[in-house]
Amino acid sequence: MTGNRLRNLILFVYGMEEVVHAPLDSLRILQAAIDVANSDAGSLVQFSIPDGIVTGTSGCPQGSSAGLGAKEVCDQYYQHNIKAVFGPICFEDMRLIEPVIDEWGISQFSFWTDFSLTRHIPEIIEMSRRGFLNIAYNLRAICTALGWDDVALFICMDCYEDSINYRIDSIRDTLEELNVRTLYLGEMNKTISRTELAQMMVLMKKTARVFITFLGVDPELNILFAQAMADAKLSSDEYIAVYMLHYQNYDTATVPWGTSAATRKLFMNSVLVYNDFPTSYTTAIGQLELSKANEEQQLYYLQLYEAVQIYAYALNALPEVTGDASYDGEAVAGVLRSNQIQGPFGSVFFNNNTMRLSGFVPFYVTNDSVSQLANIVVGPDPSCNDTIYEDTAMACYTLLANTSILADVGAKFPQDVPPCGFTGELCDQTSTVIIIAAVMTAIIICIVTILAIRKMRSGETASMPWAIPVQMVKLVDVESSQIGSQQLSIHSIQQQLEDKSAEKKAKESLKSRQLATIDQAYVVVESYSLKEKLVFSRHEMHWLYLIKQISHDNLNPFMGLCFDRSQHLFVMWSHCFRWKNNSVISTLDGAPIIANSELHYYAPEIRKGLKTLMYTNRMDAIQLSPKQGQAGDLYGFGMILFEILYRKKVASIDDAIVSEEDNLILCEQAEAQVPLYPTIPESDDVHPDLLGLMHKCWGAAETRPDTNLARKITDATLKMSGSLVDQMIKNLEQYTNNLENLVKERTGQLEEEQKKAEALLSELLPKTVADELKVGRRVDPKTYKAATILYSDIVGFTSLCSESQPMEVVNLLSGMFQRFDQIISVHNCYKIETIGDAYMVASGVPIPSKTDHVRDIASVALQQREFLYDFEIPHRPGQFLHCRWGFNTGPVFTGVVGISAPRYCVFGGTGVGTLLTYWLDGVEELLQSSRDSYKAISAMVEAQV
């Protein structure tokens, strides 16, 4: 029967002239679909093609012209009140028109390009087998069958005609909703290199194992991806690639490797996913006369035909389903939602979002064959959650992979994630954590122990600054090292020892001692043998601490003790090179010890007491009160003041009377030579107050002055300018001036040696090359278009050497080559090398010249020959040398060879090939020239004439 007519049916086919043979084919297919719908006797709606239907023939516009298809839809809607839209096929048009479809409430059949909005629009019916949702559902089915939950996506952004970036985002979001996570998204383009792609894979190999690729239909990019996986050393046992070829049917001609067996090996253990057409499509292609179209064109026309038929079915079903004949788009979609429709080419399944579900065909590549991996079919989805419609009586469909044929394939697919995860996060790490914790605890305990020991030692060091570790003591051999000059460059010490007499005195003063260094400070070391381990009491340690703290201008500081060695004790004092007595003053139980025989300035009362104790063998009973010690010190001060004022000793004592084995506080024989009251020479240069001070110091103990009075008298009479600090600064200034003179002297010597080195370097290398090497610049090889090389040798040199002594041969060559060197020095020539009697000279390198190099070489050869006319063999008077010469002109290249002993070398046929021929064929006493050299000389002569 005849029902209502649809007022306007509009089809947009923008940009399909490259897909369809002619835009009119779209109208033909549309008309064929309408004819079939109208021929149905039970149809409640009759269709016709209205005027104003639009088919695009100018492609999908870009830039500012994009969206023309969306504009046409709006014009048709507002001018003709259309109720349905088939298309558009341009992605930009689709993106613009989607938001207003819901507002208008009309139906939209996306039979080619799918929508990309994240929210569902109920008026849109997705008919494309290539839609992103259909792709996502197929991928979910494959991943579920193979046990994969985590994948990585690789997308070529310019390999598809439409905007793949929107589609990929939708695919990724849909996969996430279907519980397949995308761990990595790699974007690339057609121009990516194999190395860059391999580097990308290396970076993500610890992120994912399953790579799903969208690389278009160009097989070269798929081959490049497989090569990059091999370069990144991604084993097929752990990694797998899934190549999405959903734009194609499977055929031996559509596999990426074509017929290449070598390339096929790259795709071993990978998965190829094809969009195989149903069998009914093959029959329809013939019926609709589409056999001349390619696969993509055929899919386009067939899906358009199906869309019109499905729309007719939905319109006819509306009164039955909804109870009215409304053409509302949402009502039309409600008929198709979660339903199985019998279309013109078989069953068409829609999910709860009115998206067509159509299974792809995955294939597995082995060494022998390409086998189908699974059947992807439509089935009920038990996990479906309808959030749009309240009606739950309809089924909820999804795509499922029938894995019954997996066993026949016999493939072993890798896991998407390692058993313990990429970083071990999935495994129980309790034992590992316990081991690490135990190791860390042990390390912390060791560190705390070491810090505690260091702290204890630092505390001991703070309270025992006089305890010096044996590692810090560096003994100095006076005989061989000039008192340590090889260890420490102390200029003042060296100056002191330059004088032989000072050196002799220093060595004599060290007869019973050793010289050492502690932290670059010179000390005098007295060594004592120990019979048992040395232990100090608190009282003794306190006294050692006090002695260490004593500091005075006229005292050599006590440095400390070293008793780390069980057999020896080292007592160390700071060494002063400027004290002419070179002695050390120490104490034992509060009594002074002056072991050096040159100092026996004990006061008379102390001498008497020491003698008494020596005779009674009670030396350990030495006790001096502070008042007695101060009186004895003033007596010694008077003796020292005498020596300072009169520049001579109080008494000359023969050291022979003191045995080195004696370890006595007082040597009776030496003490007898020291007068108790020295005789004062007559002199008007000494101040009377100083004379009076000396007499008082030598008087009775109770009449001796105190230290304050002695200091006041010496400060007032000696008229010392400035304090000790002033004197030190003055000495430092003098030392600085001496140092400047020394630096100036050493700098002059250095410059002289540098000139000699530069002169020697100039003899070994050309000056320009030597200058470059001296400043550290690299000398690159250089080519010269024209240069002349000269070879010369002595005729009969071998026989001459066999009859001569070695030194005679050396003298002969030295005399001849010295003259040869003088000759080339006045010409623009450079001696390359001498080997035995062979002498090689080059001109035109490293300083290039156009023609002068031939003239210079010829002049050198002539002057060498002239020199040899009068050159007698030194050890054979009356016998002369005979040489032969050969030179050639041509291009050469030069370079510096070697690092430790660099040589400037010349390379090229000019000096090795042609020249060698002319040289060896030459006649003695004659100059052999090549043709090129002869031409160059002739040209110069003609130019001068």
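Using UniProt numbering, read the sequence shown as starting at 1 and increasing by one per residue.
Every residue gets a Cβ at the ideal spot worked out from N, C-alpha and C, and that includes glycine.
In this text the structure is predicted, and so the values were computed from the model without any measurement.
- Kindly indicate which residue of Gln630, Glu671, Ser574 and Gly632 has the alpha-carbon position closest to the one of Lys611. Glu671
- Item | Completely contained alpha helix (DSSP H) runs for the region 680-743, where each covers 4 or more residues | 688-697 and 707-718
- Beta-carbon separation of Ile240 and Val210 under 8 angstroms? yes
- Message: Looking only at its chain, what residues have a beta carbon closer than 7 angstroms to the beta carbon of Ala393, apart from the 5 residues adjacent to it on each side?
- Response: Low per-residue confidence applies at Ala393: pLDDT is 46, beneath 50, and the placement is therefore not dependable, though the value from the model is reported in the following sentence. Same-chain partners within the cutoff: there are none.
- Item | Environment of Met355 [buried if 16+ CB atoms lie within 10 Å] | buried
- Do you know offhand how far Asp932's Cα is from Ala786's? 10 angstroms
- Query: Smallest Cα separation from Val202: which of Leu185, Phe214 and Asp231?
  - Reply: Asp231
- Nearest to Thr182 by alpha carbon, out of Ser802, Ala145, Asp158 and Arg140? Arg140
- Message: I'd like to know whether the C-beta atoms of Tyr601 and Tyr635 end up nearer to each other than 8 angstroms.
- Response: yes
- Message: Just to confirm before moving on: does the CB-CB distance between Leu790 and Ile857 stay below 8 angstroms?
- Response: yes
- Item | Proximity to Val775 [Cα-Cα], best of Glu758, Thr783 and Val923 | Glu758
- Item | Reduced DSSP category for Trp104 - H, G, I as helix; E, B as strand; rest coil | helix
- For Asn375, which beta-bridge partners are listed by DSSP? Asn402
- Could you tell me which of Val361, Phe363, Met268 and Met559 sits nearest to Gln227, measuring between CA atoms? Met268
- Name the residue from Glu540, Gly560 and Ile547 whose alpha carbon lies nearest to the alpha carbon of residue 947. Nothing can be reported for residue 947, as the shown portion of the chain is limited to 1 through 945.
- Would you check if the distance between the CB atom of Thr398 and the CB atom of Asn351 is smaller than 8 angstroms? yes
- Query: So what does Phe887 bridge to, in DSSP terms?
  - Reply: Leu790 and Ser929
- Query: If we ignore side chains and look at the alpha-carbon of each, how far apart do Asp265 and Phe86 end up?
  - Reply: According to the sequence provided, residue 265 is Lys. The question's Asp does not apply to it. Cα-Cα distance, rounded: 44 angstroms.
- Give every residue of the same chain whose Cβ lies closer than 6 angstroms to the Cβ of His575, excluding the five residues on either side of it in the sequence, and list them in chain order. Tyr522, Val523 and Val524
- Around the C-beta of Cys143, are 16 or more other C-beta atoms found within 10 angstroms, so that it is buried, or is it exposed? buried
- Query: Hey, Val73 and Ile97 are a contact pair by Cβ (cut 8 angstroms); roughly how many whole angstroms apart?
  - Reply: 5 angstroms
- Beta carbon of Leu357, beta carbon of Phe345: below 8 angstroms? no
- Item | Extent of the continuous alpha helix (DSSP H) to which Lys474 belongs | Note, Lys474: premise wrong, no alpha helix (DSSP H); beta strand (DSSP E) at Lys474 to Val476.
- Own chain, CB closer than 7 angstroms to Glu123, minus 5 neighbours either side, in chain order: Ile101, Asp102, Gly105, Ile106, Ser107, Gln108, Gly329, Glu330 and Ala333
- Counting Cβ pairs closer than 8 angstroms, one from the region 365-379 and one from the region 279-292, do we hit at least three? no
- Query: Just to confirm, are Phe413 and Leu146 a CB contact at a threshold of 8 angstroms?
  - Reply: yes
- Item | Pro418 versus Asp149: straight-line alpha-carbon distance, rounded | 12 angstroms
- Query: Does the beta-carbon distance from Val795 to Ile824 come in below 8 angstroms?
  - Reply: no
- From Ser527 to Gln514, what does the alpha carbon distance come to, in whole angstroms? 8 angstroms
- What distance in whole Å lies between the Cβ atoms of Phe887 and Thr788, which are believed to be in contact at a cut-off of 8 angstroms? 6 angstroms
- Quick one: any contact between the region 810-827 and the region 836-851, if contact means 3 or more CB pairs under 8 angstroms? yes
- Query: Leaving out the 5 sequence neighbours to the left and right, which residues in its chain are closer than 8 angstroms to Thr717 when beta-carbon positions are compared?
  - Reply: His687, Asp689 and Leu690
- Query: Just curious, the alpha helix (DSSP H) that Ile155 is in, first and last residue?
  - Reply: That residue, Ile155, is in no alpha helix (DSSP H); its beta strand (DSSP E) goes Asp150 to Cys156.
- Query: Going by beta carbon distance, what residues of the same chain come within less than 6 angstroms of Asp324, once the five residues before and after it are set aside?
  - Reply: Low confidence applies to Asp324: its pLDDT is 48, below 50, so where it sits in the model is not reliable, and the reading given next is rough at best. No residues qualify anywhere along the chain.
- Residues of its chain near Thr736, where Cβ-Cβ distance is below 6 angstroms and the 5 sequence neighbours each way are ignored: none
- Task: Return the Cβ separation of Met244 and Ile223 in integer angstroms, given the expectation that the two are a contact with Cβ distance under 8 angstroms.
- Result: That pair is no contact at about 15 angstroms.
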